[in-house]
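Have a look at the structure below, then the notes.
Residue numbers (my numbering), protein chains in the order written: chain B, 20 to 362; chain S, 20 to 362.
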């Protein structure tokens with residue numbers, strides 16, 4: 020079932036729909052959607068299966084799910100719907116809240132307690148309550164996956180899990196926020212901060228209140244998730260030192276350019292003297308550093324391991340289609356993990 | 020068992036040895052090596068298990084495997100050893116032959132027919148006989164994996180398999196040969212071709228006869244493998260149009276630089292008018308193209324799919340440790356596929 024049916028949830032639904040046959044042929048994955056809930060669009064529960072195309076098109080038209088001719092029943096709260104549905108997989112894509120992680124946290128806890136696996140694009144609960152949620156999943160023998168929380172579905176957690184067996188991740192550095200990277204890229208082309216920000220807002224890359232991006236809360240949440248999940252730590256989001264890009268001036272940029280350097284908002288996690296240091300801050304990168312050349316809304320993560328010293332993954336940093344595909348990727352991983360990859 | 024015990028085979032053996040405990044704890048993977056054969060070092064077969072550390076150190080000292088105190092028996096030919104061993108997994112890392120793929124091809128065919136799964140870093144058989152080998156593996160219900168044939172173990176095939184479910188790969192472009200990329204990087208710094216080549220030879224990046232690299236045979240083999248395996252084709256290595264870097268002059272480089280461009284030896288596979296076009300050639304890349312900034316022996320592959328338009332993986336392009344890890348990655352994938360990823 021879908022909890023949250025905005026751009027990302029709909030993106031996932033579209034991929035599920037358009038790849039239905041390949042997913043069945045290749046992985047033996049067959050599905051029906053038995054519930055959808057959304058803060059703006061209401062909720063619907065139908066054990067016989069919801070027509071996804073109809074759900075997507077009525078969501079686009081802002082028709083309430085209860086009135087969209089999807090059958091079944093509506094009217095329950097989101098938490099009640101999750102508990103009642105007992106879906107195999109709950110696809111959670113509600114908004115990120117980095118203060119108390121709600122309502123996503125309650126959605127995930129309810130789902131895991133109700134015997135559902137969870138896939139999510141919601142950074143709040145994973146950044147703030149990683150240990151609590153992974154412990155709960157373990158106790159309940161459920162699977163919790165969150166590929167889309169970082170790099171918008173570019174497969175970094177799945178890569179680590181299936182493609183880097185027993186590798187120890189020693190450090191990471193990355194450009195994890197598309198909005199600020201777009202702004203910095205525009206500034207490098209000569210715009211000042213406020214014009215670059217306006218541009219980003221016009222294109223839909225930055226929100227009306229851009230604080231979460233430009234003050235680096237978003238990449239701080241992402242590097243927290245990466246450090247905890249990939250380096251097996253238990254660091255707190257609030258302990259990540261972070262500094263945004265609001266103080267960067269056109270002069271800073273031209274000084275950097277004159278010195279063959281580029282300013283990027285870099286998120287890092289590395290061991291310094293046996294202690295893990297995690298931070299996000301504007302950083303001068305030399306021309307020889309490939310991350311200096313990651314431009315626009317693209318994200319990139321460089322990881323250093325005990326077996327491959329230098330591996331970089333570059334991919335989309337935003338977009339409902341990409342994040343929605345990350346959710347699909349997690350759903351199929353769950354299917355395959357539970358069925359033994361027998362295909 | 021190991022077939023070929025040079026830098027790459029030993030690299031794999033070292034990773035297996037040093038990660039023995041993690042592999043057992045995390046994946047329930049326990050192993051013994053029952054055979055090693057090598058064209059220069061002879062062969063040994065010991066069902067009770069070969070002491071890997073001893074094998075590695077005697078290989079380094081050029082002691083014949085039969086005389087290294089590894090127990091068991093020696094003296095058989097490689098193909099006889101493979102057939103007799105009937106190992107669960109054959110780790111094939113003999114040299115690449117792009118003319119008739121031998122002896123690697125016979126090793127793999129023998130192994131698959133003898134009930135062994137095969138992992139390999141040997142480009143020859145995979146580039147020249149992909150369909151024959153994958154068909155044979157299918158008939159024999161064996162698994163054939165070849166992560167280390169491209170990008171030296173940077174996990175591209177594994178990524179596609181486990182991290183991009185049901186995605187259709189529409190095109191690929193990449194820097195797939197470390198030697199030529201190192202030479203072009205040196206030339207961009209002002210060296211002429213012959214000095215850059217000498218530098219590469221001194222550092223062990225280029226062979227005494229550098230033809231396979233500088234004439235682009237190596238990246239042509241790799242893009243053949245990528246196109247066949249990732250885009251589900253049946254193209255022939257000999258049909259790949261390829262052009263090397265020997266004709267590039269210092270003047271070409273400085274012309275490119277003056278135009279804010281970089282010359283890279285680019286391997287490409289893309290659909291043009293319903294037909295797959297595969298080629299390798301020196302290509303002018305603009306500064307805005309991230310591949311223009313992949314320098315030295317590093318490799319990179321950019322893939323475009325129907326779900327993620329632009330995904331780039333950057334990693335080592337050479338090295339026994341990296342390629343050896345790619346083999347380990349394949350071995351663990353086989354273990355997990357056969358045991359159902361139950362961990």
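Cβ coordinates follow ideal geometry from the N, Cα and C atoms, glycine included.
These numbers were taken from a predicted model, which means no experiment stands behind them.
Can you pull the chain B residues whose beta carbon is under 8 Å from the beta carbon of residue i, in chain order?
{"i": "residue 313(S)", "result": "309"}
{"i": "residue 182(S)", "result": "174, 177, 178, 181, 182 and 348"}
Does the beta carbon of residue i sit closer than 8 Å to a beta carbon anywhere in chain S?
{"i": "residue 329(B)", "result": "yes"}
{"i": "residue 27(B)", "result": "no"}
{"i": "residue 344(B)", "result": "yes"}
{"i": "residue 206(B)", "result": "no"}
{"i": "residue 45(B)", "result": "yes"}
{"i": "residue 351(B)", "result": "yes"}
{"i": "residue 359(B)", "result": "yes"}
Kindly list, in the order they appear in chain A, the residues whose Cβ is closer than 8 Å to that of residue i.
{"i": "residue 157(S)", "result": "Of the chains in the structure shown, none is chain A; the protein chains are B and S."}
By a C-beta neighbour count over all protein chains shown, 10 Å radius and 16 as the cutoff for buried, is residue i buried or exposed?
{"i": "residue 96(S)", "result": "exposed"}
{"i": "residue 78(S)", "result": "buried"}
{"i": "residue 277(S)", "result": "exposed"}
{"i": "residue 301(S)", "result": "buried"}
{"i": "residue 184(B)", "result": "buried"}
{"i": "residue 88(B)", "result": "exposed"}
{"i": "residue 268(S)", "result": "exposed"}
{"i": "residue 283(B)", "result": "buried"}
{"i": "residue 27(B)", "result": "buried"}
{"i": "residue 362(B)", "result": "Residue placement at residue 362(B) is poorly supported in this model, since its pLDDT is 45, which falls under 50; the coordinates still yield a value, given next. Classification for residue 362(B): exposed."}
{"i": "residue 270(S)", "result": "exposed"}
{"i": "residue 222(B)", "result": "exposed"}
{"i": "residue 227(B)", "result": "exposed"}
{"i": "residue 47(S)", "result": "exposed"}
Would residue i and residue j be called neighbours here (beta carbons separated by less than 8 Å)?
{"i": "residue 285(S)", "j": "residue 194(S)", "result": "yes"}
{"i": "residue 244(B)", "j": "residue 142(B)", "result": "yes"}
{"i": "residue 204(B)", "j": "residue 314(B)", "result": "yes"}
{"i": "residue 326(B)", "j": "residue 297(B)", "result": "no"}
{"i": "residue 117(B)", "j": "residue 207(B)", "result": "no"}
{"i": "residue 234(B)", "j": "residue 265(B)", "result": "yes"}
{"i": "residue 177(B)", "j": "residue 31(B)", "result": "no"}
{"i": "residue 75(S)", "j": "residue 20(S)", "result": "no"}
{"i": "residue 329(S)", "j": "residue 318(S)", "result": "no"}
{"i": "residue 305(S)", "j": "residue 323(S)", "result": "no"}
{"i": "residue 181(B)", "j": "residue 24(S)", "result": "no"}
{"i": "residue 200(B)", "j": "residue 237(B)", "result": "no"}
State yes or no: is the beta carbon of residue i nearer than 8 Å to at least one beta carbon in chain B?
{"i": "residue 149(S)", "result": "no"}
{"i": "residue 144(S)", "result": "no"}
{"i": "residue 341(S)", "result": "yes"}
{"i": "residue 123(S)", "result": "no"}
{"i": "residue 236(S)", "result": "no"}
{"i": "residue 34(S)", "result": "yes"}
{"i": "residue 38(S)", "result": "yes"}
{"i": "residue 31(S)", "result": "no"}
Under 7 Å Cβ-Cβ, which residues of chain S neighbour residue i?
{"i": "residue 242(B)", "result": "The contacting residues do not exist; residue 242(B) stays about 20 Å from chain S at best."}
{"i": "residue 41(B)", "result": "185"}
{"i": "residue 332(B)", "result": "332"}
Taking residue i as the query, report the chain S residues whose CB atoms sit under 9 Å from its CB, ordered along the chain.
{"i": "residue 335(B)", "result": "327, 328, 329 and 330"}
contact_flag[the segment 207-216 of chain S, the segment 344-358 of chain S] where n(CB pairs < 8 Å) is 3 or more: no
Cβ contact (3+ pairs, closer than 8 Å) linking the segment 136-150 of chain S and the segment 101-116 of chain S: yes
Segment contact flag, the segment 333-342 of chain B with the segment 161-171 of chain B, C-beta cutoff 8 Å, min 3 pairs: yes
Sufficient close CB pairs (3 or more, under 8 Å) joining the segment 66-82 of chain S to the segment 32-51 of chain S: yes
Cβ pair count under 8 Å reaching 3, the segment 145-156 of chain S against the segment 172-191 of chain S: no
Contact the segment 123-134 of chain S vs the segment 152-163 of chain S: 3+ CB pairs below 8 Å: yes
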